[in-house]
Structure formats: structure tokens, C-alpha cells
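2 protein chains.
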Amino acid sequence: MKGNVLVGQSGGPTAVINSSLAGVFKTAKERGYQKVYGMRFGIQGFLDEQYVDLSDYIRNELELELLKRTPSAFLGTCRYKLPEIHEDKEVFDKVFALLDKLDIEVFIYIGGNDSMDTIRKLSDYALLTGAKQRFVGCPKTIDNDLAITDHTPGFGSAAKYIAASTKEVIRDALGFSYKKKNVNIIEIMGRNAGWLVGATALARQEDCDGPDLIYLPEVSFDIEAFVERVTGLLEKKDVIVAAVSEGIRTADGAYVCELADGAHSKDAFGHIQMTGTASYLAGLVHERLGIKTRAVELSTLQRAAAHLASRVDVDEAFAVGGATVKAADEGSSGVMVVIDRVSDDPYQSAIGVYDVHRIANGEKLVPRSWINAAGDYVTDEFVSYVKPLIQGHYNPMMVAGLPRHLVMNQKNYSDYQI
Amino acid sequence: MKGNVLVGQSGGPTAVINSSLAGVFKTAKERGYQKVYGMRFGIQGFLDEQYVDLSDYIRNELELELLKRTPSAFLGTCRYKLPEIHEDKEVFDKVFALLDKLDIEVFIYIGGNDSMDTIRKLSDYALLTGAKQRFVGCPKTIDNDLAITDHTPGFGSAAKYIAASTKEVIRDALGFSYKKKNVNIIEIMGRNAGWLVGATALARQEDCDGPDLIYLPEVSFDIEAFVERVTGLLEKKDVIVAAVSEGIRTADGAYVCELADGAHSKDAFGHIQMTGTASYLAGLVHERLGIKTRAVELSTLQRAAAHLASRVDVDEAFAVGGATVKAADEGSSGVMVVIDRVSDDPYQSAIGVYDVHRIANGEKLVPRSWINAAGDYVTDEFVSYVKPLIQGHYNPMMVAGLPRHLVMNQKNYSDYQI
Chain R
1 MKGNVLVGQS GGPTAVINSS LAGVFKTAKE RGYQKVYGMR FGIQGFLDEQ YVDLSDYIRN
61 ELELELLKRT PSAFLGTCRY KLPEIHEDKE VFDKVFALLD KLDIEVFIYI GGNDSMDTIR
121 KLSDYALLTG AKQRFVGCPK TIDNDLAITD HTPGFGSAAK YIAASTKEVI RDALGFSYKK
181 KNVNIIEIMG RNAGWLVGAT ALARQEDCDG PDLIYLPEVS FDIEAFVERV TGLLEKKDVI
241 VAAVSEGIRT ADGAYVCELA DGAHSKDAFG HIQMTGTASY LAGLVHERLG IKTRAVELST
301 LQRAAAHLAS RVDVDEAFAV GGATVKAADE GSSGVMVVID RVSDDPYQSA IGVYDVHRIA
361 NGEKLVPRSW INAAGDYVTD EFVSYVKPLI QGHYNPMMVA GLPRHLVMNQ KNYSDYQI
Chain Z
1001 MKGNVLVGQS GGPTAVINSS LAGVFKTAKE RGYQKVYGMR FGIQGFLDEQ YVDLSDYIRN
1061 ELELELLKRT PSAFLGTCRY KLPEIHEDKE VFDKVFALLD KLDIEVFIYI GGNDSMDTIR
1121 KLSDYALLTG AKQRFVGCPK TIDNDLAITD HTPGFGSAAK YIAASTKEVI RDALGFSYKK
1181 KNVNIIEIMG RNAGWLVGAT ALARQEDCDG PDLIYLPEVS FDIEAFVERV TGLLEKKDVI
1241 VAAVSEGIRT ADGAYVCELA DGAHSKDAFG HIQMTGTASY LAGLVHERLG IKTRAVELST
1301 LQRAAAHLAS RVDVDEAFAV GGATVKAADE GSSGVMVVID RVSDDPYQSA IGVYDVHRIA
1361 NGEKLVPRSW INAAGDYVTD EFVSYVKPLI QGHYNPMMVA GLPRHLVMNQ KNYSDYQI
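Here the protein sequences line up with chains R and Z, keeping their order. Under the working numbering, the residue at position 44 of the first sequence is numbered 44, and the numbers go up by one with no gaps. Remember, the working numbering sits 1000 above the position in the second sequence when you count from 1.
Take a look at the structure:
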């Protein structure tokens, strides 16, 4: 008889991280595991013995479907890095004692680079000590910066939301353009990798020109060249839209958002704001050109907008979650499940398994060749890469006009006044 | 034989302002008018003889449906106030000369308070001069601050987007709450009226506690009381969410967003930013309590998110648009079409016609009795009022993964590389 499965979520949430959780749960049950435990708040909560039995929450097919449509980490998440084994063996002993206590055979961790580091260390420790558990990583991050896998679950949905919102911001800006020009700057997440800001290029369709300029963190940002480009474009167009990554830096390595703080406009309390790039540039353009400007930040909505998730992404996240359990069940450990792209058009993907040692702590940036020579737009290759990942839609399950989510502290009809 | 209809859009756009335009077009055609002209950029563009024949763009039923799902003003919009008649008669003579030239019998203006002022002046002028044209206003504004009408088309969709986004922001914030508390401040549009910020209360459902605090511009904002409330709540909860209107003011009448600028944190160039309330308060809470904070601004997306429009709102906007032409066709002028609420549950509404003189330049605020005594939340009456207006969904028409819009400068398949 098989034992139990333990699954956790870690790092920044996505719109589909729970679809992977649903996939883990379903495959574990189908393959005959007894219980599927969920760590509360990742390995950090688990070390405090915070865990739940997922069967208490996923009681039927409807709740499983609802979980697939619920954004952010159902189990809660953490940013917690395990020490190296030689640094602090005690932490590892504690984890493995808990695994033994709960009769865990399979340990699944859904996350990004840091989470794969956790899988690596735990599987190494199991090898060293002869522990029976198997450890498999499930990729997840809106940033799409994980190595080896073609892309990460969560990226497609964030890209879809970003592209759709970009179209809406552009349409809004065009309405007001009579006899007064305006410049709009949209700030997108992605500190080091420009996959998300590049996705604004998908807004370019038959009904929309898309953004005029796109600045990725992979290329150093030249403030004077930017102002010059905007000035030139304003001679031809009334409405300019620039998409900028929160992580763009000048040639000397300073974040543009820090420039804002350092130079003039630090917040009321002098704190370093890790947002504010768009706001700084909007102020600068207004100052220099006397044009009406607007800064738009998509903020946490870009990783939480399950109501506009990509069907390809939800389905892949679910499949990848199931594949982690399958891999462990068939004997793998110290691996991460990855997505291989078989073809762009028609889009086809396949699921593979890679050694987590090859993945951990690497960061996949946008290739320079997928950014134009001027460093202010992405190429057609970039667009062809992202486009298949934003396709299709899951209708949210609407209750009283709003998308319903599966949550742990669900209230009941009887004790909730509607 | 009937002559022609002229329609314009004015003021801030909404997600459903084009559904009203579609309604105007359809009813005008059904009632036998020859042409339906659209003013480009409202009365401002029309004075420069900027107009189009809408039949060139709405060529079939599919395009009519697409128009209903397209956010922002299809025709372009303006903020332009006509002078009083005694101040500058020439402007009026110019408008009426153009109306005669185009054989206009019916003039429809879709907009808010300022637009109804335009209808009032033009219909007064027609009375004074014996001009034959009839002038009818079609209500529109996300702010819901128009008098007489129960609510304005555009409000329900903005409220739905705001409530859904609030749920997503809350879910995201809860994921990160293990052993570290966080305070989130969401800034919502509405300078003087708190209808939109109050709509965040709809996020309170079986699966979500909703925001903890809601601050409307109708009640003066006490910064010390706010910090005290947050401090008290943090003793009971790990994640606090406050929704604030961009227009909240302290007892001495200063906008909180100006406080930020005036006191410490003006932008890099010293400009008054008419946003920044959430950012200021997030900085303040962090400074005082040492808690992680985040400011989220929904920005123009709250008026442009047609992808999450309310079906009730889209349908009412369409019906109200049609009703303007019907009213004019049956002889009314100097009126605005309004929505009367027949019942809350089941929700039923009816369309009426009111004298625009009773409407123009009035501003409907949230009644004090719909805000709690402490001034930091809305009452159940408020929720019962808004809830019917966010119900139902129109599936966007998705092309290549993104909502398709009807636009004037649509490119064709043949000259657009997909």
C-alpha cells in the first residue's frame, strides 16, 4: 500500500499555481496514494508543523475545478531558503522527521528558482541519508525566468492579462487625443527578465497598434534616448504608449525607480520604493515636453487575475502538477518537471523531466536577439514564442456577479448574510 | 421622409459608452432615419466639422455586437463646455448651421454632467430661434454622480471590475501573510462621489472578507483615526486591506494626495499629482507601524475593462441609447433619458425621460446614511443598491487570445501580418 503525498507552494503567486495543486491532488489520488497533505505557507510553515489534509477542502469535482480557477497560493506561500546541508543539518533532520511522522513518500514543491533549490537540497539530503522520500519540483512563476523549461506555468496568464490591459489602456488614451497629445507609461513586473513587459507587444493586432516602445531590463536604459524617441514619435502620433519593466536600469546600473527616489521624489517617508519607474518617467516627459502624461502600474493584479487566465496555461499547469506525482511514482527524485515546445504553429507541447541540479538558481533572460537593435521593442520571434501561451479562456465560475474562488476559510450560506 | 441623426460622446469614457452608441444607431435605423452621423471628439470636434457616417463602420450585426463590447469612446471624446448663450452666440450659430447643412433632426449626446449642460444650452437655443432639431441626453459616467437617474450606465461595469480586482488583490495579499503582516491600500477613482470606492464592499462574499476599511470622499478623512484603526485591526488580522477614494480630504479640506506632494513627496518635478493617495497612506503606515505595505491603483483600467463588463450594464446602456432616439422621434427635446429602479430583488428597471434643466450640473453623492457612523465602511443598503448592477457577463469576442474591439482605423488581414 502506498503512503502519502506532501505538496507545498512557494514564492510569488500566479493565476494558475492552484491549477498545478489541483493536478497534484488528482494524480496522487488516481495513483493510489492515501492522503495528500498541503504545507501551509510552504516549507516555512511546514517546519512549524503547519499542514492540512487537502481532502478536507477538495471534496468533489466542482471544488477541484474551482481550485483551478483560484489565483494566489491556496495553501499560502513563503520566501524561505533552506540552508546548505553542511551549514545546518538540524533543519533537514526536522523536515525528515516530519516526513516520516506523516508517512510521506512523495514531496512536491511548486515554485520558481528558490523552490527548485529546496528540491535540490532535500533530494541531496535524502541521498546522503538513504531516506526513502522522493522530491519533485513543479515549475511556476509569472516571470518565466526558469532555465531548461520552454516556459513556466503562470507566465501565459500574466502575459494575457498584461496584453489585454495594454489594449484597454491604449483605447482609453486614444479617446482623449483631440488637439492634445498624451504620453502613457505602463509599468510591468519583472526585475531582471523582460518576458512580461515584452508581452505588451501582443496588444498589436488588427484593432490596436500596441505600445510604441517597450523597454526590457536586459538592455540598459538611456533616459536621453528615451526622451528623444518620444519627441520624435509625437511628431507623427498624438498618443504614445511606452511599456517599461520595473527593473530597467541606466548604463551605470542604477534602477530608474531608484533614480526617482534618490534625486527628487522619494516617498513622503524617504523609503526606497521598488515601484515608481513609470511615475518617474511620466514626470520627466511632462517636465521636458510639457505633454500630458499618465503612469499606469498593473501591480499585483498581473499575477492574480485568474478571471482572464489563459486556457493553455491553466491546462499546462494542471498537467505539469499531475506529471510531478507521476515522475515521483515512477521513481524519480531530485528532478523538476518541464515543458518542451514541440511546435509553435499549431502549438504543441510535451512534458519532460530534468535533473534539478541543472536548473536551480539559473535565470533565463530574454535573448538579446529577440530585442530589436535599438533596445526599444521585441522582435517577431519573441511574439511567436509568447502568442500560443495566451490562447483560450476558462469562464470564471461567477457567483453574484464576481468570480468565485476556493478558499480555506470559506463561509457557509447559513452563516453568511448574502 | 425623416432626416438624419447626429450622436456624440463626451467626458470620461466607460466600458459601455459604445453600447449606448450602438443602441442609438440601431433605433435610429429602425425608426427610419436616413443617416446616423457621429461627431469625432464630441462637440469640440464637431465644431471643426469632424464627423463620420456610422454606417461606414457598423456594417452588420457582428460589428454592432463588437461595438457593444468595445471600451472607451469609439468616436473619441472631449471635455468642452459650451459658453452661455448670452456670452457667445456665434458658437451656437455655427453648431446650428452645421446641423442644417447635415439635415440633422435629432442630436444625441452621451455623457455626464457637463454633457447634459450642452443638451440644455442647445435645446434652449433651439427654442429661442425656433430651430427644428431635438436634443436628447444619454447618461454615462463610471462615477454614478448624475442626479435623477437611479444610476448611470458605466457605473455597474466599473463596480464589477473594481470588486473583482479587489478580491484578487486580497487573495494575493493573504498568500504572503505567514509570520509577517501586511497592509494594502487600493486607490479608486471618484473625486467627489464615493460610489466606486464603496463598490469594493461587494468583494465581501462567502470566499472573501472584502476590504476592512472603505473611505469615501463624502466623509472627511482623519489620518490619525485611520492609523489607529489599522493598528487595532492588525492585532486581530495579519492582512489588512483599505480602499480609499482618490478624492478623500482631511477636515481642513486638503486632498490627501496633495498632502503627499505638499509635505514631502512631490514628484521628481514638483508637479501636483492627482493620484498618489494610496501611495501616501502606504508610506505613512509603513513609517508609523513598521509593517510591509503595498499601494495599488486601478487607474484607467477601471473605466476601460470591457472584458469584465456587467451584462446588466451593457444591456441598460444599449437600451438607454435606443430610448434617446425614441424620445426625440416622439417629439421630446431638452431631456435626458434616465433609469428608474422598479425593484431591487428581483432587479427590475424602467426607462424614463426627464427635463434636462433638472439634471444639469447637479452632483449625486452617496447619502451619509449609506456610510457607517465611523465613516469607514458602507452600509447594507449601499450594497443592496449596487449588487444588481454588476450581474451577468458578456463573453468578449476573443481573437488570438485577446478581446477584440471595433475601432475606426481597423487594419485588414491582408495588410496586417498576424
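Note that CB positions come from ideal geometry on N, CA and C, so glycine has one too. Computed from a prediction, not measured in an experiment: that's the story for all the values here.
Proximity test, Cβ basis, 8 angstroms: residue i and chain R
i, result
"Pro-1211 of chain Z", "no"
"Thr-1141 of chain Z", "no"
"Ser-1072 of chain Z", "yes"
"Asn-1113 of chain Z", "no"
"Val-1296 of chain Z", "yes"
"Cys-1257 of chain Z", "no"
"Leu-1202 of chain Z", "yes"
"Ala-1163 of chain Z", "yes"
"Phe-1382 of chain Z", "no"
"Thr-1231 of chain Z", "no"
"Gly-1290 of chain Z", "no"
"Glu-1300 of chain Z", "The displayed chain sequence assigns Thr, not Glu, to residue 1300 of chain Z. Output row for Thr-1300 of chain Z: interface = yes."
CB contact check: residue i to chain Z, cutoff 8 angstroms
i, result
"Tyr-178 of chain R", "yes"
"Asp-491 of chain R", "Lying before the first or after the last residue shown, residue 491 of chain R is absent from chain R, which here runs from 1 to 418."
"Pro-403 of chain R", "yes"
"Val-407 of chain R", "yes"
"Phe-226 of chain R", "no"
"Pro-13 of chain R", "yes"
"Leu-424 of chain R", "The requested residue 424 of chain R is not part of the displayed model; chain R covers only 1 to 418."
"Glu-49 of chain R", "no"
"Ile-390 of chain R", "yes"
"Arg-59 of chain R", "no"
"Cys-138 of chain R", "no"
"Ile-272 of chain R", "Unreliable placement is indicated for Ile-272 of chain R, whose pLDDT of 49 sits below 50; the coordinate value is still reported in the next sentence. For Ile-272 of chain R, the answer is no, since every Cβ of chain Z falls outside 8 angstroms of its Cβ."
Given residue i as reference, the closest of the options once Cα atoms are compared
i, options, result
"Ala-201 of chain R", "R:Leu-102, R:Ile-371 and R:Thr-250", "R:Ile-371"
"Gly-1003 of chain Z", "Z:Gly-1032, Z:Gln-1009, Z:Pro-1013 and Z:Val-1024", "Z:Gly-1032"
"Asp-1172 of chain Z", "R:Asn-182, R:Glu-235 and R:Pro-71", "R:Pro-71"
"Gly-1322 of chain Z", "Z:Phe-1176, Z:Glu-1168, Z:Val-1106 and Z:Ile-1142", "Z:Val-1106"
"Ala-1131 of chain Z", "Z:Leu-1062, Z:Gly-1334, Z:Leu-1301 and Z:Leu-1196", "Z:Gly-1334"
"Leu-1406 of chain Z", "Z:Leu-1062, Z:Asp-1048 and Z:Glu-1030", "Z:Leu-1062"
"Cys-1208 of chain Z", "Z:Glu-1168, Z:Asp-1344, Z:Leu-1099 and Z:Gln-1034", "Z:Glu-1168"
"Glu-90 of chain R", "R:Arg-59, R:Met-116 and R:Tyr-125", "R:Tyr-125"
"Gly-1392 of chain Z", "R:His-286, R:Ile-390 and R:Asn-395", "R:Asn-395"
"Val-1219 of chain Z", "Z:Phe-1382, Z:Val-1007 and Z:Gly-1375", "Z:Gly-1375"
"Ala-254 of chain R", "R:Val-230, R:Pro-217, R:Ala-225 and R:Glu-287", "R:Pro-217"
"Leu-6 of chain R", "R:Ser-279, R:Glu-235, R:Ser-332 and R:Leu-98", "R:Leu-98"
"Glu-87 of chain R", "R:Lys-121, R:Asn-409 and R:Gly-232", "R:Lys-121"
"Arg-368 of chain R", "R:Glu-381, R:Lys-292 and R:Met-39", "R:Glu-381"
Pair within 8 angstroms by beta-carbon distance, residue i and residue j
i, j, result
"Phe-1135 of chain Z", "Ile-1119 of chain Z", "yes"
"Val-356 of chain R", "Pro-139 of chain R", "no"
"Gly-23 of chain R", "Ala-328 of chain R", "no"
"Arg-303 of chain R", "Gly-12 of chain R", "yes"
"Glu-246 of chain R", "Ile-188 of chain R", "yes"
"Gly-210 of chain R", "Val-378 of chain R", "no"
"Phe-25 of chain R", "Val-36 of chain R", "yes"
"Ile-1248 of chain Z", "Asp-1212 of chain Z", "no"
"Glu-1363 of chain Z", "Ala-1193 of chain Z", "yes"
"Ile-214 of chain R", "Ile-110 of chain R", "no"
"Leu-1308 of chain Z", "Ala-1164 of chain Z", "yes"
"Tyr-1347 of chain Z", "Ile-1148 of chain Z", "no"
"Asp-1117 of chain Z", "Lys-1081 of chain Z", "yes"
"Glu-1297 of chain Z", "Glu-297 of chain R", "yes"
For residue i, the residue or residues it bridges with in DSSP
i, result
"Cys-138 of chain R", "R:Ile-110"
"Pro-1403 of chain Z", "Z:Met-1398"
"Asp-1053 of chain Z", "Z:Tyr-1037"
"Asn-1004 of chain Z", "Z:Ile-1104"
"Ile-1371 of chain Z", "Z:Val-1378"
"Ser-245 of chain R", "R:Ile-188"
Check: residue i C-beta below 7 angstroms from any heavy atom of the ligand ZN
i, result
"Val-1136 of chain Z", "Of ligands this structure carries none, so the ligand ZN is not represented either."
### Message
Threshold first: 4 residues or longer. Then list the alpha helix (DSSP H) segments lying entirely within the region 1269-1355 of chain Z, N to C.
### Response
1277-1289, 1301-1304 and 1311-1329
### Query
Which residue spans inside the region 1153-1238 of chain Z form an unbroken beta strand (DSSP E) run of at least 3?
1182-1188 and 1213-1215
### alpha helix (DSSP H) runs wholly inside the region 8-44 of chain R, at least 4 long, in chain order
17-30
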